[in-house]
Amino acid sequence: MMSANALALYKRLTIKIGSALLVDGKTGRLRSEWLRSLAADLAALKSEGRSLVIVSSGAIALGRRLLGLDGISLPLEQSQAAASAGQIALSQAWAESLGEHGIVTGQILLTPNITEERRYFLNARTTITTLLGLGAIPIINENDSVATAEIRYGDNDRLSARVATMVEADCLVLLSDVDGLYSAPPEKDPRAVHLALVPTITAEIEAMAGGAANHLSRGGMQTKIEAGRIATQAGTAMIIARGTDSHPLKALTEGARHTLFTAAQSRAQARKRWIMGTLEVAGSLHVDAGAARALLSGKSLLPIGVTGVTGDFVRGDAVRIVDPEGREIARGLAGLGREDADLVKGKNSARVAEMLGLGSRAELIHRDNMVVLAGLEDKAT
Ligand code: GLU
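Taking my numbering, I'd label the letters of the sequence shown as residues -13 to 367.
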C-alpha cells in the first residue's frame, strides 16, 4: 500500500511549478495568494529537513502583460522579450513569498548547453548544491530570453527532470493543472481512468498522453511523460499532481490524488551506467597492486596508490584506472584535475590534505563514482 503522505520517503525534492498555477489565465497577473500558500508548504517541508529545488515557469506569461503582448502564440523574439521582463517579476515574487519565512532564494537560468555540457553542468550543479548547503532555495527557469529556437527545452517539464537528475533528487514533483495520468485524455474520454502508479513507462503509457495542456503552459502530458523517462532512468521518482488549489504540497502529504512514477533503478546504479555508457574517457590513473586490490574489494582510490597520471582531464571527467599489468580495471569520475592528481600521486592522505586543503575528502575517486569492470558484466544487459 502507498503511504498517505506521498512525500514521506523523499529527502531532496525538485518541484516544478507550471505557468497556469502561478499566473491567472484571464488577467495575466500573478496568483499571489496561491503563491503564499505554496511558500508556506515549502517552508514546512524545509523545516522537516528536506532540501528543495524549484523549477518555476511563468516568466513569459507574466511578461506578456507587462509588455502588453496579447495573442495565443508569440513570435520567438516577442516571447524572449516577454521572458526577459517577466523573469524579474517572477524572481521577485519568489524572493518575497519565501522571504516571509526567512528563506533566501537564488536564481539560476539554464539552457540545454548548460545541462548537457559537462563543464557547465558541473558548475551549475555546484552552485545549486552550495545554495542548498547554505539553506537557500534555488529557483530555476530556462534562460528563455537568450535560448535559440533550436537549442532550448521550451518546456519546463523536461528541464525540471534534468535539474532533478543533476542534483540527484529522490523525487521530482510536477505541479500542474491535472491530478495525474489518465488512461486517455479525460476531457475527451469520459471512460478515462486515473492511474495512481506507473512502475514502468511503456509504449502503452506513452500512448495515454494527449496533446498540449493550454495556451499558457508549453508542456502537455507528453512532455511530462518524457520528463518521467529522464527522471526514472536516473533513479529519481516522479509525481504528477494538481497544484491549482491552495497548499498543493500539503495536500500531497495528506493523501491528495496523484500519479507516482517509480524510479527504474537506484541512483547508484544509474550513475554507474552513466559512467560506463555516456562519458568520453579523458585520461588514466595508473595504480599499484595494493590499490588495485583495494578497488576490487569496493574501496575508494586514494592518491597514495597512484603511480602515474596520463591524459588531460578536469575534476569530474571520466578516467580509466589501470593496474600494474596495464589492464583497465575500473573507470570513474576524477575527484581532482590532471595537475592536482599529478601533484598528490603517491602521497598519504594527511599530506594531500595539507597540500590541497581538502579536509577529509582525500580520495582521488570516490567509490560511488567508480565502476569496477569485472563486476559490471553481469549487470550490463
Ligand atoms: N520557461 C517558460 C516560462 O518561464 C515556461 C515553459 C513552460 O511552460 O513549460 O515562461
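Glycine residues also receive a C-beta, built at the ideal position from the N, C-alpha and C atoms.
Bear in mind the structure is a predicted one, so any value in this text is a computation, not a measurement.
If you reduce the DSSP assignment to three classes, tell me which class residue i lands in.
{"i": "residue 199", "result": "Low confidence applies here, because residue 199 scores a pLDDT of 46, under 50, leaving its location unreliable; read the following figure in that light. In this structure, residue 199 counts as coil in the three-state DSSP scheme."}
{"i": "residue 142", "result": "helix"}
{"i": "residue 335", "result": "helix"}
{"i": "residue 340", "result": "helix"}
{"i": "residue 40", "result": "strand"}
{"i": "residue 275", "result": "helix"}
{"i": "residue 2", "result": "strand"}
{"i": "residue 151", "result": "helix"}
{"i": "residue 23", "result": "helix"}
{"i": "residue 355", "result": "helix"}
{"i": "residue 30", "result": "helix"}
{"i": "residue 250", "result": "coil"}
{"i": "residue 18", "result": "helix"}
{"i": "residue 123", "result": "strand"}
{"i": "residue 268", "result": "strand"}
{"i": "residue -5", "result": "coil"}
{"i": "residue 9", "result": "strand"}
{"i": "residue 115", "result": "helix"}
{"i": "residue 330", "result": "helix"}
{"i": "residue 350", "result": "coil"}
Give a single yes or no on whether residue i has its beta carbon closer than 7 angstroms to a heavy atom of the ligand GLU.
{"i": "residue 127", "result": "yes"}
{"i": "residue 46", "result": "yes"}
{"i": "residue 77", "result": "no"}
{"i": "residue 217", "result": "no"}
{"i": "residue 143", "result": "yes"}
{"i": "residue 57", "result": "no"}
{"i": "residue 414", "result": "Outside the modelled stretch of the chain, which goes from -13 to 367, sits residue 414, for which no answer is possible."}
{"i": "residue 130", "result": "yes"}
{"i": "residue 69", "result": "yes"}
{"i": "residue 214", "result": "no"}
{"i": "residue 323", "result": "no"}
{"i": "residue 4", "result": "yes"}
{"i": "residue 43", "result": "yes"}
Label residue i either buried or exposed according to how many other C-beta atoms from any shown protein chain fall within 10 Å of its C-beta, with 16 as the threshold for buried.
{"i": "residue 183", "result": "exposed"}
{"i": "residue 124", "result": "buried"}
{"i": "residue 202", "result": "Bear in mind that a pLDDT of 43 at residue 202, under 50, signals an unreliable position, so the number given afterwards is only what the model happens to contain. The residue in question, residue 202, is buried, as its Cβ has 16 or more Cβ neighbours within 10 Å."}
{"i": "residue 318", "result": "buried"}
{"i": "residue 234", "result": "buried"}
{"i": "residue 51", "result": "buried"}
{"i": "residue 185", "result": "exposed"}
{"i": "residue 351", "result": "buried"}
{"i": "residue 175", "result": "exposed"}
{"i": "residue 148", "result": "buried"}
{"i": "residue 385", "result": "Past the edges of the chain, shown from -13 to 367, lies residue 385, and the structure says nothing about it."}
{"i": "residue 243", "result": "exposed"}
{"i": "residue 62", "result": "exposed"}
{"i": "residue 65", "result": "buried"}
{"i": "residue 113", "result": "exposed"}
{"i": "residue 229", "result": "buried"}
{"i": "residue 328", "result": "exposed"}
{"i": "residue 59", "result": "exposed"}
{"i": "residue 12", "result": "exposed"}
{"i": "residue 57", "result": "exposed"}
{"i": "residue 105", "result": "exposed"}
{"i": "residue 266", "result": "exposed"}
{"i": "residue 217", "result": "buried"}
May I ask you to check if the CB of residue i is nearer than 7 angstroms to at least one heavy atom of the ligand PLP?
{"i": "residue 83", "result": "Inclusion of the ligand PLP in the displayed structure is not the case, the ligand content consisting of the ligand GLU alone."}
Any beta carbon of chain C sitting closer than 8 angstroms to that of residue i?
{"i": "residue -3", "result": "No chain C appears in this structure, which consists of one protein chain only."}
Could you tell me which uninterrupted alpha helix (DSSP H) segments, each at least 4 residues in length, are contained entirely in the stretch 55 to 111, listed from first to last along the chain?
62 to 85 and 98 to 102
Report the start-end ranges of each alpha helix (DSSP H) in the stretch 176 to 238 that is 4 residues or longer and not cut off at the edges.
189 to 194 and 207 to 219
So within the stretch 270 to 326, which uninterrupted alpha helix (DSSP H) runs reach at least 4 residues, ignoring any that extend past its ends?
275 to 282
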